[in-house]
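Student: Numbering (UniProt numbering), first residue to last: 1 to 64. Every residue, glycine too, gets a C-beta built ideally from N, C-alpha and C. From a predicted model like this one, the values you see are computed outputs, not experimental measurements.
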């Protein structure tokens, strides 16, 4: 987002946008993601009209 503000060629800079949190239940992974999503939504409210947190149950993606 900020690279485009500075006219930096996005083909020159590549970075992984995926974070995988792994651990036993009850360790705060979901709470951390929700807090981070809310913080980003507040900080980027001037750029985006609304924020939306999407929670996916990855087990259901691979079950038949």
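1) Using only alpha-carbon positions, find the residue among 60, 38 and 58 that is nearest to residue 50.
2) Quick check: the Cα distance between residue 9 and residue 44, rounded to an integer number of angstroms?
3) Using DSSP with H/G/I as helix, E/B as strand and the rest coil, what is residue 59?
4) Could you spell out the range, first to last residue, of the alpha helix (DSSP H) harbouring residue 50?
Tutor: Working from what's here:
1) Counting from one through the chain shown, the residue named residue 50 turns up at place 50. Answer by Cα proximity: 38.
2) In the chain shown, residue 9 corresponds to position 9, counting from 1. In the chain shown, residue 44 corresponds to position 44, counting from 1. The straight-line gap separating the alpha-carbon atoms of residue 9 and residue 44 is approximately 22 Å.
3) Position 59 of the chain shown, counted from the start, is the residue given in the question as residue 59. Under the three-state reduction of DSSP output, residue 59 falls in the helix class.
4) Here residue 50 refers to the residue found at position 50 of the chain shown. Counting along the chain, residue 50 sits inside no alpha helix (DSSP H), nor does DSSP assign it H or E at all.
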